[in-house]
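Just so you know, the sequence shown maps onto residues 1 to 134 in the UniProt record's numbering.
Every residue, glycine too, gets a C-beta built ideally from N, C-alpha and C.
All values derive from a computational prediction rather than experimental measurement.
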Amino acid sequence: MDEILVDWDEFRATRTQLGAAFVRILGYFREDGTKSVAAIEEAMRARDARGLVMPAHTLKSEARQFGGEKLGALAEDIEMFARACVESQTSPDEYLPRVVDLRRLFEETLSALEREANPLVQRRPTSFGRAVSH
1 MDEILVDWDE FRATRTQLGA AFVRILGYFR EDGTKSVAAI EEAMRARDAR GLVMPAHTLK
61 SEARQFGGEK LGALAEDIEM FARACVESQT SPDEYLPRVV DLRRLFEETL SALEREANPL
121 VQRRPTSFGR AVSH
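(1) Only counting the same chain, and skipping five residues up and downstream in sequence, which positions put a Cβ closer than 8 Å to that of LEU96?
(2) If contacts are defined as beta-carbon pairs under 8 Å, then ASP77 and ARG98 qualify, I think. What distance do you get, rounded to the angstrom?
(3) In chain order, what residues of the same chain lie with their CB nearer than 8 Å to the CB of ARG103, ignoring the 5 residues before and after it?
(4) Which whole-angstrom value describes the C-beta separation of GLY112 and LEU5, a residue pair presumed to lie in contact below a C-beta threshold of 8 Å?
(5) Rounded to whole angstroms, what's the CA-CA distance from ARG47 to ALA39? Just pull it up for me.
(6) Whose C-beta lies closer than 6 Å to the C-beta of SER91 among residues of the same chain, with five residues either side of it excluded?
(7) Specify the secondary structure class of THR14 as computed by DSSP and reduced to three states.
(8) Helix, strand or coil: how does DSSP classify ARG47 here?
(9) Rounded to the nearest angstrom, what separates SER61 and ASP93 at their Cα positions?
(10) Give the DSSP-derived three-state secondary structure of SER91 in the structure shown.
Written as structure tokens, this is what we have:
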């Protein structure tokens, strides 16, 4: 997938829109996303295409709210494939590698979002106010 990990413009827009609630809502994404990934993995273990649809849909929407484009795209791909499996009454087995990638991508995305959201994150120092040696 060629998508960027996080669309930082979308992230900043959401942070501005949510204001003081942003960190709390990001915490909900951590909780809900963890549950969604676990539900997707469980549904895949059970070969239950129907069980993949809602948690993948939820993860897609929540990830994209925070600019998690690559995660949102993978969750959408899983959701659409699962819907097709439900319609055709086929097993979702061929998507196992994508479901396996989902947890790693969720953790990577969440880590990037939380690093950026943390007000105590060390920012790269600028040269302003620093002595310059010649």
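Walking through what the data contain:
(1) Cβ within range, chain order: MET44.
(2) A Cβ-Cβ distance of about 7 Å is found for the pair ASP77 and ARG98, placing them in contact under the 8 Å criterion.
(3) Contacts found: VAL37 and GLU41.
(4) Residue 112 is actually Ala in this sequence, not Gly. ALA112 to LEU5, Cβ: 6 Å. Contact.
(5) Approximately 12 Å, taken between the alpha carbons.
(6) ARG47.
(7) In the structure shown, THR14 sits in a helix (DSSP, three-state: H, G or I).
(8) Judged by DSSP in its simplified three-state form, ARG47 adopts coil rather than helix or strand.
(9) ASP93 has its alpha-carbon roughly 24 Å from the corresponding atom of SER61.
(10) Here DSSP, grouped into helix, strand and coil, assigns SER91 to coil.
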